[in-house]
Amino acid sequence: MRVALHNPPPDPDGGAEPVPQETGNASALATLQRLDQEFARILDIPADTSTAAEDLGQGGDIGTAAAEPIFVTRPFLPPFEEFEPLLRLIWQTRILTNGGPFHQELEARLRDHLGVPQVALFNNATTALMVALRSLDLSGEVITTPYSFVATSHALLWSGLTPVFVDVDPLTLNLDPARIEAAITPRTTAILPVHCYGHPCDVEAIDAIARKHGLKVIYDAAHAFGVRHKGRSVLNDGDLSVLSFHATKVFNTFEGGAIICADPVQKDRIDKLKNFGHDGETSVMEVGLNGKMSEMNAALGLVQLNYVDAAHARRRAIDTAYRKGLREVRGVRCLEDFGEDNANYAYFPILLGPDYPISRDALNEALKRDGIYPRRYFYPLISEHPMYRTLPSARREQLPVAAAAADRVLCLPIYPDLDEAVVARVVRRIANP
Numbered sequence: 040m041r042v043a044l045h046n047p048p049p050d051p052d053g054g055a056e057p058v059p060q061e062t063g064n065a066s067a068l069a070t071l072q073r074l075d076q077e078f079a080r081i082l083d084i085p086a087d088t089s090t091a092a093e094d095l096g097q098g099g100d101i102g103t104a105a106a107e108p109i110f111v112t113r114p115f116l117p118p119f120e121e122f123e124p125l126l127r128l129i130w131q132t133r134i135l136t137n138g139g140p141f142h143q144e145l146e147a148r149l150r151d152h153l154g155v156p157q158v159a160l161f162n163n164a165t166t167a168l169m170v171a172l173r174s175l176d177l178s179g180e181v182i183t184t185p186y187s188f189v190a191t192s193h194a195l196l197w198s199g200l201t202p203v204f205v206d207v208d209p210l211t212l213n214l215d216p217a218r219i220e221a222a223i224t225p226r227t228t229a230i231l232p233v234h235c236y237g238h239p240c241d242v243e244a245i246d247a248i249a250r251k252h253g254l255k256v257i258y259d260a261a262h263a264f265g266v267r268h269k270g271r272s273v274l275n276d277g278d279l280s281v282l283s284f285h286a287t288k289v290f291n292t293f294e295g296g297a298i299i300c301a302d303p304v305q306k307d308r309i310d311k312l313k314n315f316g317h318d319g320e321t322s323v324m325e326v327g328l329n330g331k332m333s334e335m336n337a338a339l340g341l342v343q344l345n346y347v348d349a350a351h352a353r354r355r356a357i358d359t360a361y362r363k364g365l366r367e368v369r370g371v372r373c374l375e376d377f378g379e380d381n382a383n384y385a386y387f388p389i390l391l392g393p394d395y396p397i398s399r400d401a402l403n404e405a406l407k408r409d410g411i412y413p414r415r416y417f418y419p420l421i422s423e424h425p426m427y428r429t430l431p432s433a434r435r436e437q438l439p440v441a442a443a444a445a446d447r448v449l450c451l452p453i454y455p456d457l458d459e460a461v462v463a464r465v466v467r468r469i470a471n472p
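Numbering (this note's numbering), first residue to last: 40 to 472.
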């Protein structure tokens, strides 16, 4: 199988392992061979007789395979000609980081685009989540979901906090507010919900519980760029919201993230925490870290903003095509359609019921054999990883809805330049496993 190097397999936490850099044509061939092997390892597919390295050696074009693999997502990139002038400015000014002009402009543009009071840019969402937790001076226990990417709970452990897992709602797969209230103890200081797949949590119920018990609420909004709820950005709910601008997200800056907050004083503290705790040139007021976004990442974000609406429209069209094609397929359930005003169409998860002819994992393998690589987001549950499974709240029998979802959900390919013919191909395979 030929591997298209311009379209590496996406991972929620990054891609392939770093490849040593070499020079010269022979070194380039060796590097491409290593990439072929690494991609094959990640995808768990056998290396074929025709590789990208062989294509280069024969004078062929990289990534022009007859049957290119279809991954669950493909990073959207704007025309390079629009990005290049900003790169040239970075080279000319040599302002690379530390809150440069592109960084400042992107924060301002995002405030307007998202309809939020304050935006603090970060190098990634995990760092942003750690700083968000630190900025609220939390201790003790934080109630959260087992059904998410591990970074949600990792940030708690890194911050010296104890995750308390509660089950999710069967319709949205977001935290179940009734379960939240039942899990509150004298040691509880905050709630960390996730807008799973970009679907808004029951923010009114969660915020009411937080007010009643004097708790902070930090929303992991990694999936929720542009998502609205009752006419306003869902990012305005809670005390803080954290966005991801990773390559796999609907808005990407290669890597990146942001904290959304309402209070400019809080934003000032967050900015200090992401810059080692510096308060001026010579004063360090508290223990911080390096969470700053570079000028190159911010510049890409400025160009990407020109394409967000068009990309959203394409994602919506693909979502509609999947729903129409899968409507009559027995044993397949799509999550509720929240409507174009509330959704960003970041993911397209399906749940396979007991009346579907084969298991979720069997369908996953069948699609892979067809060159289509969906993802089992989020399997296994966070609570089943070694660093969490000994927690009292991690017992699988206490999390039946999340456990069932982890065993049944399959996320199908969705990205702006996904061809309609591929969508039809995916639907046919699901309808005829």
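Every residue, glycine too, gets a C-beta built ideally from N, C-alpha and C.
Whole angstroms are fine: how far does the CA of Pro-202 sit from the CA of Val-189?
12 Å
Starting from the C-beta of Gly-237, find all residues in its chain whose C-beta is less than 7 Å away, skip the five residues before and the five after it, and write them out in chain order.
His-262, Ala-263, Val-266, Ala-382, Asn-383, Ala-385, Tyr-386
In angstroms, rounded to a whole number, what distance separates the CA positions of Phe-315 and Thr-183?
28 Å
Compute the beta-carbon to beta-carbon distance between Tyr-427 and Ser-198, rounded to the nearest angstrom, for a pair I have assumed lies under 8 Å.
Contact doesn't hold; Cβ gap of about 15 Å is too wide.
Quick one: residues in its chain with C-beta nearer than 8 Å to the C-beta of Asp-215, no 5 flanking neighbours on either side, listed in chain order?
Val-205, Asp-206, Val-207, Asp-208, Val-440
For Ala-297, the three-state DSSP class (helix, strand or coil)
strand
For Pro-472, which three-state DSSP category applies?
coil
So, Ala-350 versus Phe-110, is the Cβ gap smaller than 8 Å?
no
Could you check what DSSP says for Lys-255 in three-state terms: helix, strand or coil?
strand
What is the DSSP secondary structure of Cys-450, reduced to helix, strand or coil?
strand
For Pro-239, the nearest candidate out of Asn-213, Tyr-361, Ala-221, Ala-249 (CA to CA):
Asn-213
Who are Phe-387's beta bridge partners in DSSP?
Leu-451
What residues in its chain sit with their C-beta under 7 Å from that of Pro-413, if we drop five residues either side in the sequence?
Val-111, Asn-403, Leu-406, Leu-449, Cys-450, Leu-451, Pro-452
Reference Pro-388; option with closest CA among Pro-396, Arg-408, Gly-410, Leu-365
Leu-365
Assuming the contact rule is C-beta atoms closer than 8 Å, Val-371 and Tyr-395 should be a hit. Round their C-beta distance to whole Å, please.
6 Å
If the criterion is Cβ atoms closer than 8 Å, does the pair Leu-125 and Val-342 meet it?
yes
Are the Cβ atoms of Leu-149 and Ser-333 separated by less than 8 Å?
no
Given Glu-375, which residues of its chain have a CB within under 8 Å of its CB, disregarding the five upstream and five downstream residues?
Leu-210, Thr-211, His-238
Please confirm whether any heavy atom of the ligand NAD lies closer than 7 Å to the CB of Asp-276.
With respect to small molecules bound, the structure shown includes none, and the ligand NAD cannot be examined in it.
DSSP three-state label for Tyr-110, please.
Sequence check: residue 110 is Phe here, not Tyr. Here Phe-110 sits in strand by DSSP.
So, for Asn-471: in the same chain, excluding its five sequence neighbours on each side, which residues have a beta-carbon less than 7 Å away from its beta-carbon?
none
Counterpart residues of Val-461 in DSSP-defined beta bridges:
DSSP, once it has assigned bridges, lists no residue as partnering Val-461.
Cut-off 6 Å between Cβ atoms - residues of its own chain near Cys-300, not counting five sequence neighbours on either side:
Gln-157, Leu-279, Lys-306
With C-beta atoms as the reference, is Leu-282 less than 8 Å away from Ala-445?
no
Is it buried or exposed, Met-324, if we count other Cβ atoms within 10 angstroms and call 16 or more buried?
exposed
Pull the bridge partners of Ile-411 from the DSSP assignment, please.
Ile-109
Anticipated Cβ contact below 8 Å, Phe-161 with Gly-330, distance rounded
5 Å
May I ask you to report which of helix, strand or coil DSSP gives Asp-456?
coil
Coil, strand or helix - Ser-280 by DSSP
strand
Taking the alpha helix (DSSP H) that Glu-144 falls in, what are its first and last residues?
140-153
Give me the Cα-Cα distance between Lys-251 and Ser-272, rounded to the nearest whole angstrom.
23 Å
Reduced DSSP category for Ala-401 - H, G, I as helix; E, B as strand; rest coil
helix
Determine the contact status of Leu-328 and Lys-313, defining contact as a CB-CB distance below 8 Å.
yes
Pro-225 versus Asn-336, Val-181, Arg-415, Ile-397, residue with shortest Cα-Cα distance
Val-181
What is the DSSP secondary structure of Glu-325, reduced to helix, strand or coil?
coil
To the nearest whole angstrom, what separates the beta carbons of Gly-179 and Thr-227, a pair I think is in contact under 8 Å?
7 Å
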